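**Student:** Take the sequence shown: its letters are residues -7 to 236, numbered as in my numbering. The C-beta atom is built at its ideal place from N, Cα and C for all residues, glycine as well. Bear in mind the structure is a predicted one, so any value in this text is a computation, not a measurement.
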Amino acid sequence: MSETNARKRQDWIAGMRVMLPLLPGAVPFGMITGAVTADAQFTALQGIGQSIIVFAGAAQLASTQLIADAAPLAVVILTGLVINLRFAMYGASLGPHFGSLSTGKRALIAYLMTDQAYALSITRYMSDAEMTPMAKFRYYMGGAAAMWVVWTAATAAGYFLGNKVPASWSLDFFVPLSFLALIVPNIRDRATAIAALAGGGTAVAAYSLPFNIGLFAAALCGIAAGYAVEVAVGRNSSRRGDDR
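1) Spatial neighbours of Met(-7) within its chain, please: CB distance less than 6 Å, with the 5 preceding and 5 following residues excluded, ordered by chain position.
2) Excluding the 5 residues flanking Gln38 on each side, which residues of the same chain have their C-beta closer than 8 Å to its C-beta?
3) If you follow the alpha helix (DSSP H) that Phe152 is part of, which residue opens it and which one closes it?
4) Does the distance from the CB of Gly135 to the CB of Val223 come in under 9 Å?
5) I'd like the list of long-range same chain contacts for Val74, defined as Cβ closer than 8 Å, with 5 residues on each side in sequence excluded.
6) What would DSSP say about Met(-7), mapped onto helix, strand or coil?
7) Which residues in the same chain as Arg130 place their Cβ atom closer than 8 Å to its Cβ, once the five residues preceding and following it in sequence are excluded?
8) Do the segment 19 to 28 and the segment 42 to 57 touch if we need at least three Cβ pairs shorter than 8 Å?
9) Along the alpha helix (DSSP H) that carries Met118, what are the first and last residues, could you check?
10) Which class does Val68 belong to by DSSP, given the choice of helix, strand or coil?
11) Quick one, which of Leu201, Gly214, Arg78 and Ser200 has its alpha-carbon nearest Ala190's?
12) Can the beta-carbon of Phe79 be found closer than 9 Å to that of Ala102?
13) Is Thr147 buried or exposed, if buried means 16 or more other CB atoms sit within 10 Å of its CB?
14) Under 9 Å between the Cβ atoms of Leu93 and Tyr110?
15) Look at Ala123 and Tyr117 and say whether their C-beta atoms are less than 9 Å apart.
16) Hey, quick one: how far does the alpha helix (DSSP H) through Pro20 stretch, first residue to last?
17) Using C-beta distances below 7 Å, list every residue in its chain close to Gly218, excluding the 5 sequence neighbours before and after it, in chain order.
18) Between Lys128 and Phe90, which are expected to be in contact by the criterion C-beta below 8 Å, what is the C-beta distance as a whole number of angstroms?
19) Roughly how many angstroms lie between the CA atoms of Ile179 and Ala(-2), to the nearest whole one?
20) By Cβ distance, which residues of its chain are closer than 6 Å to Ala198, with the 5 residues on each side in sequence left out?
21) Just to confirm my understanding: we take Asn76, look at its own chain, exclude 5 residues before and 5 after, and list those with CB closer than 7 Å. What are they?
22) Give me, in chain order, the residues of the same chain whose beta-carbon lies closer than 7 Å to that of Ala99; leave out the 5 immediate sequence neighbours on both sides.
23) Would you decide whether Ser200 is buried or exposed? Buried here means 16 or more other CB atoms lie within 10 Å of its CB.
Below is the structure:
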């Protein structure tokens, strides 16, 4: 194997390796999502196909529950869009790294984007300025593809076996844990800490609202709180600079 091919292979393996610790957390989340689609009377093609087409755990879970509750179609669609709105920000963040790639490759990156793939990839890119766009692509795809395979398999297992898992196992407890594992390491300053607290507190307080309206409120409150803190910090920094 040539040095070039060996390097390409290493990029893929590195992406897979860094994703491995997060894959176990996706299994119970995927099984819960699959079991919920079965409870909602989705066919196997619909339940498993949802993971292949949508591939967005939180949005899948919320929209399935809304469909089961006979929520209006507009509410189902809007809920999915709001939950997945963060991916637009992820895409904007990754844009400078992948802007030179073909449309097909960028579409594949967008399709396979998850919180885990984004967080792990952007962290690597920021620490290694020497990576080429193609090396970044291979690294991203190694981890993202591994997550796709595990997620799809887990939702299929959940669809067929989820109702047979004892309730005492409390698989649903792993859903918030998998998100906390991503959120906590990325709370690096006052703005992100306040945003997390505001969003989380609002989500808990508004949990009982119908049609997952609490998610909208939590997202808006978190964004508004984080933005307000950033503006305040920026103003204070400018004043200190003027004083000098």
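**Tutor:** Reading from the atomic positions:
1) Caution is warranted here: a pLDDT of 47 is assigned to Met(-7), below 50, making its placement in the model unreliable, and no coordinate value can be reported.
2) Once the five neighbours on either side are set aside, the close Cβ partners of Gln38 are Thr29.
3) Looking at the DSSP string, the run of the alpha helix (DSSP H) that includes Phe152 is Pro125 to Leu153.
4) Contact annotation: Gly135 and Val223 have beta-carbon atoms that are not nearer than 9 Å.
5) Closer than 8 Å at Cβ, skipping near neighbours: Leu207, Phe208 and Ala211.
6) Any reading at Met(-7) needs caution, since the residue's pLDDT is 47, under 50, leaving its predicted position unreliable; the model's value is listed next. DSSP places Met(-7) in coil when its eight states are reduced to three.
7) Excluding sequence neighbours, Arg130 sits near Lys0, Asp3, Trp4 and Gly7.
8) Yes, they touch.
9) Secondary structure note for Met118: its alpha helix (DSSP H) is the uninterrupted segment Asp107 to Ser119.
10) Three-state DSSP puts Val68 in a helix.
11) That would be Gly214, whose Cα lies nearest to the Cα of Ala190.
12) Between Phe79 and Ala102, the C-beta gap is smaller than 9 Å, which places the two residues in contact.
13) By the 10 Å Cβ count, Thr147 comes out buried.
14) Their beta carbons are not under 9 Å apart, which means Leu93 does not touch Tyr110 by this criterion.
15) Checking the sequence, you will find Met at residue 123 rather than Ala. Closer than 9 Å, so yes.
16) For Pro20, the enclosing alpha helix (DSSP H) stretches over residues Leu15 to Asp31.
17) Only Ala183, Thr184, Ile186 and Ala187 meet the Cβ criterion.
18) Yes, Lys128 and Phe90 are in contact; Cβ-Cβ is about 7 Å, under 8 Å.
19) In a straight line, the C-alpha of Ile179 is about 36 Å away from that of Ala(-2).
20) For Ala198, the CB contacts under 6 Å within the same chain, skipping 5 residues up- and downstream, are Gly206 and Ala209 in chain order.
21) The residues are Ala48 and Ala51.
22) Here the set comprises nothing.
23) It counts as exposed.
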